[in-house]
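Just below is one structure, and these are the notes that go with it.
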Amino acid sequence: MRIFSFFLLITALYSCKENKVRFPLNKQKINFLKSSADRNRALFAREEFLIKNAAKLDSTINYRISEAGFLYAKIKSINETFPLPKKGEKVRFKYQIEDLEKNIIYSYKEIGIVDYIVDQENLLPALREGIRIMRPKDVVVFLFPSYLCYSYQGDNDKVGVNQPLRFTIERLLIN
7 MRIFSFFLLI
17 TALYSCKENK
27 VRFPLNKQKI
37 NFLKSSADRN
47 RALFAREEFL
57 IKNAAKLDST
67 INYRISEAGF
77 LYAKIKSINE
87 TFPLPKKGEK
97 VRFKYQIEDL
107 EKNIIYSYKE
117 IGIVDYIVDQ
127 ENLLPALREG
137 IRIMRPKDVV
147 VFLFPSYLCY
157 SYQGDNDKVG
167 VNQPLRFTIE
177 RLLIN
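Its first residue numbered 7, the sequence shown is counted upward by one per residue in my numbering.
This is the structure we're talking about:
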């Protein structure tokens, strides 16, 4: 019994030591994450510069910055008393996509009219964010960074990889 008590006491004393800090075994993963973060910061800074430069060159329009970080300018606004769209509300709009030099990539005619139920259907993040700040009959120009548009893949057709875009959206009335 004394031997058992002695071993129990020794075990209790050794188990009270502080644990050693364990360092990751795979240092390549850490390097990859760090280089990926650096690459994304550089891409974000490049796109921010391009978007601000495009807004500066388009001196006829007064752009504002949104909470989500993109620039927008209302070209036409009929009635500020109309409410902004709410979740579950059906909205109708048409839009065109341009590059930052105002070259049309997809026209109104190519895209057509879109019906969308706010925050309940899949839609390009840029369009979701834009529609949330538009009232019926508004026409708004947006300058979106690539992460809200087609991101690192492009659209495999006309939109390039990591390409910031200019959207002109017209929100229509639903009869």
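Glycine is no exception: its CB is placed at the ideal position from the N, C-alpha and C atoms.
Compute the distance between the beta-carbons of LEU77 and ALA61, then report whether it is under 8 Å.
yes
Once the 5 residues before and after GLN126 are set aside, which same chain residues still bring their CB inside 8 Å of it?
LYS93 and GLY94
Judging by CA-CA distance, which residue of VAL146, VAL147, LEU133 and ILE119 is the nearest neighbour of TYR156?
LEU133
Does the count of Cβ pairs from the segment 146 to 156 and the segment 74 to 89 closer than 8 Å reach three?
yes
Residues that DSSP places opposite ILE175 in a beta bridge
TYR101 and VAL146
With a CB to CB cut of under 8 Å and the five nearest residues on each side skipped, what residues in its chain are close to ARG70?
LEU77, TYR78 and ALA79
Classify GLY136: buried if its beta carbon has 16 or more other beta carbons within 10 angstroms, exposed otherwise.
buried
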